[in-house]
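4 protein chains.
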Amino acid sequence: MNPIDRLSEIFSHFPGIGPRQARRFVYYLLSRDQTTLDTLVRSVEDLKRETSQCNECMRFFNGTGSLCSICADTSRDRSLLMIVPRDADLDQMEKSGSFKGRYFVLGGSLPILEKEPERRIRIRELLTKLAREQSTLREIILAMNANAEGENTEDYLRQALRKGDTFAESGDNSPASSLTITALGRGLSTGSELEYADPETLKNALLHRTK
Amino acid sequence: MNPIDRLSEIFSHFPGIGPRQARRFVYYLLSRDQTTLDTLVRSVEDLKRETSQCNECMRFFNGTGSLCSICADTSRDRSLLMIVPRDADLDQMEKSGSFKGRYFVLGGSLPILEKEPERRIRIRELLTKLAREQSTLREIILAMNANAEGENTEDYLRQALRKGDTFAESGDNSPASSLTITALGRGLSTGSELEYADPETLKNALLHRTK
Amino acid sequence: MNPIDRLSEIFSHFPGIGPRQARRFVYYLLSRDQTTLDTLVRSVEDLKRETSQCNECMRFFNGTGSLCSICADTSRDRSLLMIVPRDADLDQMEKSGSFKGRYFVLGGSLPILEKEPERRIRIRELLTKLAREQSTLREIILAMNANAEGENTEDYLRQALRKGDTFAESGDNSPASSLTITALGRGLSTGSELEYADPETLKNALLHRTK
Amino acid sequence: MNPIDRLSEIFSHFPGIGPRQARRFVYYLLSRDQTTLDTLVRSVEDLKRETSQCNECMRFFNGTGSLCSICADTSRDRSLLMIVPRDADLDQMEKSGSFKGRYFVLGGSLPILEKEPERRIRIRELLTKLAREQSTLREIILAMNANAEGENTEDYLRQALRKGDTFAESGDNSPASSLTITALGRGLSTGSELEYADPETLKNALLHRTK
Chain A
1 MNPIDRLSEI FSHFPGIGPR QARRFVYYLL SRDQTTLDTL VRSVEDLKRE
51 TSQCNECMRF FNGTGSLCSI CADTSRDRSL LMIVPRDADL DQMEKSGSFK
101 GRYFVLGGSL PILEKEPERR IRIRELLTKL AREQSTLREI ILAMNANAEG
151 ENTEDYLRQA LRKGDTFAES GDNSPASSLT ITALGRGLST GSELEYADPE
201 TLKNALLHRT K
Chain B
1 MNPIDRLSEI FSHFPGIGPR QARRFVYYLL SRDQTTLDTL VRSVEDLKRE
51 TSQCNECMRF FNGTGSLCSI CADTSRDRSL LMIVPRDADL DQMEKSGSFK
101 GRYFVLGGSL PILEKEPERR IRIRELLTKL AREQSTLREI ILAMNANAEG
151 ENTEDYLRQA LRKGDTFAES GDNSPASSLT ITALGRGLST GSELEYADPE
201 TLKNALLHRT K
Chain C
1 MNPIDRLSEI FSHFPGIGPR QARRFVYYLL SRDQTTLDTL VRSVEDLKRE
51 TSQCNECMRF FNGTGSLCSI CADTSRDRSL LMIVPRDADL DQMEKSGSFK
101 GRYFVLGGSL PILEKEPERR IRIRELLTKL AREQSTLREI ILAMNANAEG
151 ENTEDYLRQA LRKGDTFAES GDNSPASSLT ITALGRGLST GSELEYADPE
201 TLKNALLHRT K
Chain D
1 MNPIDRLSEI FSHFPGIGPR QARRFVYYLL SRDQTTLDTL VRSVEDLKRE
51 TSQCNECMRF FNGTGSLCSI CADTSRDRSL LMIVPRDADL DQMEKSGSFK
101 GRYFVLGGSL PILEKEPERR IRIRELLTKL AREQSTLREI ILAMNANAEG
151 ENTEDYLRQA LRKGDTFAES GDNSPASSLT ITALGRGLST GSELEYADPE
201 TLKNALLHRT K
C-alpha cells in the first residue's frame, strides 16, 4: 500500500474518524511544509518514550517513573477509588476538582453481549490492585457513562467484584466483602428539561434533592 | 385577513412552530374532509367548557369542579409540595410514579432580566397558597429545568419565599421560616457521558453517589 | 374521549407533530384567553367556506370562484404546465418568480411500492385536464422533490402520461405523444459542497454548467 | 512542551478537529502497541518522499515524476480545464466518472474580505498555466462549492482571469479573451425538497430542466 492509502487507513481507526475524513487528514499533511511533518514524526516517536503508564491507576502520563502525579500524591484519600472508563474521563473529573481520592482507568467499557470482557477492559489488573489494597480501601466508586454500555460495564464490575474469582488462588476473600461499592449519582444534568426527562432520572433527581 | 392567513398566524404562535410549518398546518386542514374540521372546531369549543383549572395546583384537568384528582386525593402527602414550571412537567413527573406529594404549576419560567415576573408566573397564587397551608406544609421542592431560565426562576422563587412580602399584610410570618426548601438533585442524567459532563454535574454525581 | 385527549389526537396528525408536542399544543390553548380560542374556532369554521379549490390546478385559494388567481391570469403561458406535489411547493416556486406558466397540484407523492397511487395523488384529475388542454399544452414540467419518493412519483407520472389509458375511451391519443415532458434540473443546490456531492449531482452540475 | 501536549496541539490543527478530540487521538495512540505507532511514523516519513505534487494540476499523487496519471493521460480532453478547490474535490469528481478533461487544484477557497488571496490559493500558478496553454484551452470550468466562500472565490477568479494581469509583462492578451469561462450548474441536488429550496436553486432547476 502506498503511504497515502496507508496513512488514510491508520487515521480511519482514530476515534470518531471515517475513511473520508481520514483522507482529508492526509491531504492536510501533504499541504503542510516538511517541518510540520517532522514535528509530527518526532512527537509520535517521543510519545511512548517520554510517556509512562502508571502502575497503579493505569493512566498514561507525561514523564518517567512507575507512578503518576495523582497516585504519588500522599495527600489524596487512599480509602476511595474511582473507576473510570478512559483517561479522558479521569481528566474531566480532575478538572471538576471535586474528587480527592484516587482513580483506576479501566481502558474502555463493555458493549452488551461482549464475549471477552477481559480483553476489552483491565479487569485482571483491577482485581489484582484491589487484592493488594484490601486493607486501606473502603469505597469503590463505579464512574461509568450513563448509557447502555456504561450500565453493562457497571453490572459486569459489580459481579466481578462480588465473585472476586482471581483471589481464590491467594486464599483471599472477595474484595467486595470488605468494601462499599457505589456508583455516580443520577439526576438532572446541566441542560435537562423536566418534560423530556426519563422516569429514572426524575426518580433520582427527587431522591437526591438538595437544600 | 383571510382565514388562511389568520389560521397561519394563530398556528405560528403554537409552541415550537414557525410561519412555514403553520402554513403547512393550514394546507393540511384544507385537504381534510369537513368532518375532521368539525371535530376540531367542536373540540376547541368544548375545551374550556369541559376542562377546569384546579384551584389548588393551578393545573388544567378534564372535568368540572374546583380540585383536580391529585389535589382531591387524600392519600397524597400534604406536607410535600413540588413546584413545576408547566402542566407537561407535572404529567412527566406523575408518569415516573416517584412522587407522592402534591404539586403547584407555576405556569412558566423566568428569562434572565425578566422585568415583570408576576405576569409570567403565578407567584401571587403560590404565596397565597403557601400562607394558607403553613400549618401542614413541611417541604417545598423547586422542580425547575436544569438550564439558565430554570436556575433564574429558582433564584427568584427562593428570594420570594424568603421575603414572603405578600404575607406582611396578613401579619403572617414569611412561609420560608417554617419550611424546608429543596431543589431537584443534579447528577448524570440518562445518556450522559463523563467526558462531556460539566464540573457541576460531576460534582453532584459524586456527592449523590448510590450503593 | 375528553376534549384534551381528543384535541391531542387531532393535533398529533398534523404534519410533523408527535403525541407529546400535540399535548403541548392543547396546554398552550388552555393557557390562552377565550378570545384566542374563539378566533381559532371561527377561523377553522371560515376556512372551507371562504377558501375554494381551483378547478384547474387543484390548489386551495382564498376567495370564491372556480379559478385561482394564477389560472385566471390570462398573461400566464398556457403552453407550460408544472406539476408540483403540494400547495406549499407551488407557493415556493411562485415566490422565486421564475416560472410564468401554470401549475397542477398533485396533492402528494408516491412512496415506493404504493399500491393505490390513484388514492394518493390526483392522477385522474391530471389526465382529464391534460386531455382537455391537448391543443394548447406543449410542455409538462414534472417538478418533484429530488428524493426517492419524488423519483418514484416522476416514474409513475411518465408511465401514466405515456399510456394515457384514461383517454382510450374518448378515442384520444395519449397526451404524451403531443407533449414534451421535462423534469426540474439537477445540480448543486445552494450550500452544496463538491466533496460531499453525489455522482448524479456532479454529473448534472457539469452537464448544466453556465457561463 | 511534552509529547502529549505537542501531539494534541498538532492534531487540533487537523481539519475539523478541536482540542478535545485531538487529545482523544493522543490517548488512542498511547493505547496502541508500538507497531502501530511505528507504522504511523514510517507512513508520515514516507508520505512526502513517495508522494509528488503534479506540476500541471498541483494535486498530490502517489509515486514520483512531475505529472499525475490524469495529466499524463493523453486521452483526456486538453481543451477543458476544471478548477477545483481541493484534492478531495478532484477525487470526488473523478469518482463520478463524468468529466473527461483535466483539472487544476486551487489549494483552497477565499473567505469574504480575504486580504491576501495569492497566499490562500494558487492563483499565480493558475495564471502561468493558463498562459502556457492558451493555444489548446477552450473552456475553464470553475467548480467551486455552492456557498458564500465558493461564490467569493468564483468572483475573484473571474476577475483575475479577465484582468490576466500577470500576462501583461509577456505582452500576451488576457487568457479570458480567448476562453469560455463556465461554472458548475445549480439546480436541485439529491435530497432537495421544493418547499425548502431557495429561489436561486428553483430558478436554475427550471432553467436546466431535462427531458
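Chains as they are written, first to last, in this note's numbering: chain A, 1 to 211; chain B, 1 to 211; chain C, 1 to 211; chain D, 1 to 211.
Beta carbons are placed, not taken as given, at the ideal position from N, Cα and C, and that holds for glycine.
No experiment lies behind these values; they were computed from the predicted model shown.
Closest residue to C/Glu-56 among C/Leu-184, C/Arg-124, C/Ala-146, C/Glu-149 (Cα-Cα distance): Walking along the third sequence from the start, residue 56 of chain C turns up at place 56. Its Cα nearest to that of C/Glu-56, the residue C/Arg-124 stands out among C/Leu-184, C/Arg-124, C/Ala-146, C/Glu-149.
Neighbour flag for B/Ser-109 against chain C, beta carbons, 7 angstroms: Position 109 of the second sequence holds residue 109 of chain B. No, its Cβ sits nowhere closer than 7 angstroms to a Cβ of chain C.
Can you give me the C-alpha to C-alpha distance between A/Lys-211 and B/Glu-94, rounded to a whole angstrom? Within the first sequence, the letter at position 211 stands for residue 211 of chain A. Within the second sequence, the letter at position 94 stands for residue 94 of chain B. Whole-angstrom Cα-Cα distance: 22 angstroms.
What number of angstroms, rounded off, separates the C-alpha of B/Arg-86 from the C-alpha of D/Thr-36? Within the second sequence, the letter at position 86 stands for residue 86 of chain B. Within the fourth sequence, the letter at position 36 stands for residue 36 of chain D. One C-alpha to the other measures close to 55 angstroms.
Provide the residue(s) that pair with B/Ser-223 in DSSP beta bridges, ordered along the chain. Nothing can be reported for residue 223 of chain B: it is not among the residues displayed for chain B, which extend from 1 to 211.
Under the assumption that A/Leu-47 contacts D/Pro-3 (Cβ atoms under 8 angstroms), give the Cβ distance between them as a whole number of angstroms. Sequence index remark: in the first sequence, residue 47 of chain A carries index 47 (1-based). Sequence index remark: in the fourth sequence, residue 3 of chain D carries index 3 (1-based). That belief holds up - the Cβ atoms of A/Leu-47 and D/Pro-3 are roughly 5 angstroms apart, short of 8 angstroms.
Give me the DSSP bridge partner(s) of D/Leu-81. Taking the first residue of the fourth sequence as 1, we reach residue 81 of chain D at position 81. Bridge partners of D/Leu-81: D/Arg-102, D/Ile-140.
Among all the DSSP beta bridges, which residues are the ones paired with A/Thr-128? Residue 128 of chain A sits at position 128 when you count from the first residue of the first sequence. Answer by DSSP bridge pairing: none, since A/Thr-128 is not bridged.
Residues that B/Arg-122 contacts on chain A, provided the C-beta gap is smaller than 9 angstroms: Counting from 1 along the second sequence, the entry for residue 122 of chain B is found at position 122. Within chain A, no residue comes near B/Arg-122; the closest Cβ sits about 17 angstroms away, beyond 9 angstroms.
Could you name the residues that DSSP lists as bridge partners for B/Arg-186? Translated into the one-based positions of the second sequence, residue 186 of chain B becomes position 186. BP columns for B/Arg-186 point to A/Leu-188.
Residues that B/Gly-16 contacts on chain A, provided the C-beta gap is smaller than 7 angstroms: Against the second sequence, residue 16 of chain B aligns to sequence position 16. Going along chain A, no residue has its Cβ under 7 angstroms from B/Gly-16, so there is no contact; the nearest lies around 12 angstroms.
Give a yes or no on whether 7 angstroms exceeds the smallest Cβ distance from A/Lys-100 to chain B. Within the first sequence, residue 100 of chain A is the residue found at index 100, counting from 1. Chain B contact via Cβ: absent.
Helix, strand or coil for B/Thr-39? Go by DSSP, reduced to three states. By one-based count along the second sequence, residue 39 of chain B stands at place 39. Helix, per DSSP.
DSSP three-state call for D/Thr-201: helix, strand or coil? Taking the fourth sequence and counting its residues from 1, one reaches residue 201 of chain D at position 201. Of the three classes helix, strand and coil, the one that applies to D/Thr-201 here is helix, per DSSP.
Closer than 6 angstroms by C-beta to A/Pro-19: which residues in its own chain qualify, once you throw out the five before and the five after it? Chain order, please. In the first sequence, residue 19 of chain A corresponds to position 19, counting from 1. Answer for A/Pro-19: Ser-12, listed in chain order.
Minimum C-alpha distance to B/Met-144 - residue among B/Phe-14, B/Leu-137, B/Asp-155, B/Lys-163: If you number the second sequence from 1, residue 144 of chain B lands on position 144. Per the Cα distances, B/Asp-155.
Simplified DSSP state of A/Val-70, which is helix, strand or coil: Walking along the first sequence from the start, residue 70 of chain A turns up at place 70. Checking the displayed sequence, the identity of residue 70 of chain A turns out to be Ile instead of Val. Looking at A/Ile-70 - three-state DSSP - the assignment turns out to be helix.
Which value, in whole angstroms, describes the spacing of the CA atoms of C/Arg-119 and C/Leu-106? Counted from its first residue, the third sequence places residue 119 of chain C at position 119. Counted from its first residue, the third sequence places residue 106 of chain C at position 106. Taking the straight line joining both Cα atoms gives about 11 angstroms.
May I ask you to report which of helix, strand or coil DSSP gives D/Ile-121? Numbered from its first residue, the fourth sequence carries residue 121 of chain D at position 121. Three-state result, D/Ile-121: coil.
Do A/Leu-206 and B/Ser-98 have their C-beta atoms closer together than 7 angstroms? Within the first sequence, numbered from 1, the residue matching residue 206 of chain A stands at position 206. Within the second sequence, numbered from 1, the residue matching residue 98 of chain B stands at position 98. Against a cut-off of 7 angstroms, the Cβ pair of B/Ser-98 and A/Leu-206 comes out as a contact.
Establish whether the CB of D/Glu-195 and some CB of chain C are separated by less than 7 angstroms. Counting from one through the fourth sequence, the residue named residue 195 of chain D turns up at place 195. Taking Cβ atoms only, chain C reaches closer than 7 angstroms to D/Glu-195, which makes this a yes.
At the 7 angstroms Cβ level, is A/Pro-3 part of the contact set with chain D, yes or no? Residue numbering aside, residue 3 of chain A sits at position 3 when the first sequence is read from its first letter. Interface criterion met: the Cβ of A/Pro-3 is under 7 angstroms from a Cβ in chain D.
Just to confirm, are D/Ser-96 and C/Pro-199 a CB contact at a threshold of 7 angstroms? The sequence position of residue 96 of chain D within the fourth sequence is 96, counting from 1. The sequence position of residue 199 of chain C within the third sequence is 199, counting from 1. In this structure, D/Ser-96 sits near C/Pro-199, with a CB-CB distance shorter than 7 angstroms.
Would B/Glu-139 and B/Thr-74 qualify as a contact pair, given that the criterion is a beta-carbon distance under 7 angstroms? Walking along the second sequence from the start, residue 139 of chain B turns up at place 139. Walking along the second sequence from the start, residue 74 of chain B turns up at place 74. Remark: C-beta atoms of B/Glu-139 and B/Thr-74 do not approach each other more closely than 7 angstroms.
Contact defined as beta carbons within less than 8 angstroms: I believe D/Thr-182 pairs with D/Ile-141. What is the distance between those atoms, to the nearest angstrom? If you number the fourth sequence from 1, residue 182 of chain D lands on position 182. If you number the fourth sequence from 1, residue 141 of chain D lands on position 141. Taking 8 angstroms as the upper bound for CB-CB distance, D/Thr-182 and D/Ile-141 are in contact here, some 5 angstroms apart.
When you compare the CB of D/Tyr-27 with every CB in chain A, is at least one pair closer than 7 angstroms? Translated into positions along the fourth sequence, residue 27 of chain D becomes position 27. Interface residue, yes.
Compare the Cα-Cα distances from A/Leu-137 to each of A/Glu-50, A/Tyr-27, A/Ser-79 and report the closest residue. Start at 1 with the first residue of the first sequence, and residue 137 of chain A comes out as number 137. Sorting A/Glu-50, A/Tyr-27, A/Ser-79 by C-alpha distance to the C-alpha of A/Leu-137 places A/Ser-79 at the top.
Distance check for A/Thr-128 and A/Glu-169, CA to CA, integer angstroms please. Reading the first sequence from its first residue, position 169 is the one you call residue 169 of chain A. Reading the first sequence from its first residue, position 128 is the one you call residue 128 of chain A. Residue confidence is low: A/Glu-169 scores 44 on pLDDT, short of 50, so the model does not pin down where it sits. Its coordinate-derived value is still stated next. Looking at the two C-alpha atoms, the distance is approximately 12 angstroms.
By the DSSP assignment, the alpha helix (DSSP H) with A/Thr-210 in it spans what residues? Numbered from its first residue, the first sequence carries residue 210 of chain A at position 210. In the DSSP assignment, A/Thr-210 falls outside any alpha helix (DSSP H) and carries neither an H nor an E.
Just to confirm, are C/Ser-8 and C/Val-26 a CB contact at a threshold of 7 angstroms? Here residue 8 of chain C corresponds to residue number 8 of the third sequence, with the count starting at 1. Here residue 26 of chain C corresponds to residue number 26 of the third sequence, with the count starting at 1. Yes, they are a contact pair.
Alpha carbon of A/Gln-92 to alpha carbon of B/Tyr-196, nearest angstrom: By 1-based counting over the first sequence, the position of residue 92 of chain A is 92. By 1-based counting over the second sequence, the position of residue 196 of chain B is 196. The straight-line gap from Cα to Cα measures roughly 8 angstroms.
Kindly list the residues whose CB is nearer than 6 angstroms to the CB of C/Leu-157, restricted to its own chain and excluding five residues on each side of it in sequence; keep chain order. Stepping through the third sequence from its first residue, residue 157 of chain C is reached at position 157. So the list reads Leu-142, once near-sequence residues are dropped.
DSSP on B/Ile-181, reduced to helix/strand/coil? Translated into the one-based positions of the second sequence, residue 181 of chain B becomes position 181. Residue state, collapsed to three classes: strand.
Three-way DSSP call (helix, strand, coil) for C/Met-1 in this model: For the purposes of this step, residue 1 of chain C is taken as residue 1 along the third sequence, with counting starting at 1. When DSSP states are grouped into helix, strand and coil, C/Met-1 belongs to the coil group.
Give a yes or no on whether 7 angstroms exceeds the smallest Cβ distance from D/Arg-59 to chain C. In the fourth sequence, counting from the first residue as 1, residue 59 of chain D sits at position 59. No, no contact with chain C.
Is the CB of D/Ser-75 under 7 angstroms away from at least one CB in chain C? As a position in the fourth sequence, residue 75 of chain D is number 75, starting the count at 1. Using a CB distance cut-off of 7 angstroms, D/Ser-75 does not count as an interface residue toward chain C.
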